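Beneath this line is the structure, given in structure tokens, with notes to follow.
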Amino acid sequence: MNYRHAYHAGNFADVIKHAVLAQAVTALTRKETPFFVLDTHAGCGAYRLSAEAAQKTGEFKTGIARVLERAGDAPPALAPYLAALAAANPGGGLDHYPGSPALVRGLMRPQDRLALAELHPEDVVALRRTFAGDRRVGIHHLDGYQTVKALLPPPERRGLVLIDPPFERTDEFERLLTALGRIHRRWPQAIVLVWYPIKAAEPVDAFLDAVAAAGGPETVAVELLLRPATDPFRLNGSGLLVVNPPWGLAPALAELLPWLAGVLAPDQGSFRVRPLIAEAAGRV
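Read the sequence shown against our numbering and you will find it ends at 407, with the numbers running on by one and no gaps.
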């Protein structure tokens with residue numbers, strides 16, 4: 124319960140996570156039928172970068188601030204993410220940062236739904252304030268992993284689950300594996316995005332090996348490294364597991380990853396897309 128994303132909003136990990144999330148939600152809007160999104164660890168939903176928490180760490184300065192400085196030569200695949208940032212700051216500049224909930228809501232249509240789970244009591248209050256009056260958005264004061272059982276499958280056939288845990292617990296990778304298995308059984312056609320930190324390489328490799336061994340739909344791991352993954356006490360990179368990657372994501376990643384690595388970590392930055400499970404028939 125100590126983790127507060129307000130201190131880390133707009134950092135390099137948010138940039139890659141939200142750029143891919145924007146691509147995935149945009150892909151869902153290509154069909155007229157409604158979709159459902161579940162965000163299991165929603166945080167506050169939206170953030171002020173001028174607030175004390177963000178200013179205390181200044182992490183956004185080496186994340187989204189660098190991206191906006193180079194926005195003029197950004198690849199087309201970054202456009203949905205940049206559009207969300209512009210919508211959050213209609214007067215220009217960079218003060219409001221849309222977390223995953225605000226980003227998704229900005230891309231949704233009237234027929235789509237969003238469920239947000241958050242355990243921290245203060246952050247739940249912030250979520251309810253941010254999304255008050257929007258009937259498309261449901262707020263749940265729950266451990267996010269419980270919502271995988273409680274809210275899935277939804278009536279909508281199409282949609283996405285975002286799991287973005289704080290990694291305060293030593294068994295977080297094990298909890299993720301359990302959640303992934305449950306989602307696959309309950310809603311096998313869902314796009315699933317799972318964020319994970321990269322410190323030392325060994326725990327991440329063990330997690331990804333376990334995902335591959337479990338089988339299931341097409342799955343890839345998207346990773347952006349600021350530096351080699353050799354220090355277990357430092358956040359060296361950010362990963363995103365993508366289950367059922369939507370059509371068009373592969374070419375978008377081919378644009379996004381080299382550009383982001385060059386902007387966010389010009390000296391030691393690297394990236395890779397790691398195929399874990401081969402493509403299955405059909406796409407969402």
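Note that the Cβ used here is the ideal one computed from N, Cα and C, for glycine as well. Please read these numbers as outputs of a predicted model, since none were measured by experiment.
DSSP places G181 outside any alpha helix (DSSP H), giving it a letter other than H or E.
Here E155 carries a coil assignment [DSSP, helix/strand/coil].
The beta carbon of L358 sits closer than 7 Å to those of P320, K322, all from its chain and outside the five residues before and after it, given in chain order. The residue from P340, P326, L275, R395 with its alpha-carbon nearest to that of N367 is P340.
Here D246 carries a helix assignment [DSSP, helix/strand/coil].
For S361, the enclosing beta strand (DSSP E) starts and ends at 360-366. Under the DSSP assignment, T270 falls in the alpha helix (DSSP H) whose first and last residues are 267-273. For G338, there is no enclosing alpha helix (DSSP H), as DSSP marks it with neither H nor E.
With 16 or more other Cβ atoms from the protein chains shown falling within 10 Å of its own Cβ, A375 counts as buried.
The Cβ neighbour count for D332, taken over all protein chains shown within 10 Å, is under 16; the residue is labelled exposed.
Around the C-beta of E175, fewer than 16 other C-beta atoms lie within 10 Å, and the residue is accordingly described as exposed.
Assignment of H128 by DSSP, reduced to helix, strand and coil, places it in the helix class. A Cβ-Cβ distance of about 6 Å is found for the pair G282 and V160, placing them in contact under the 8 Å criterion.
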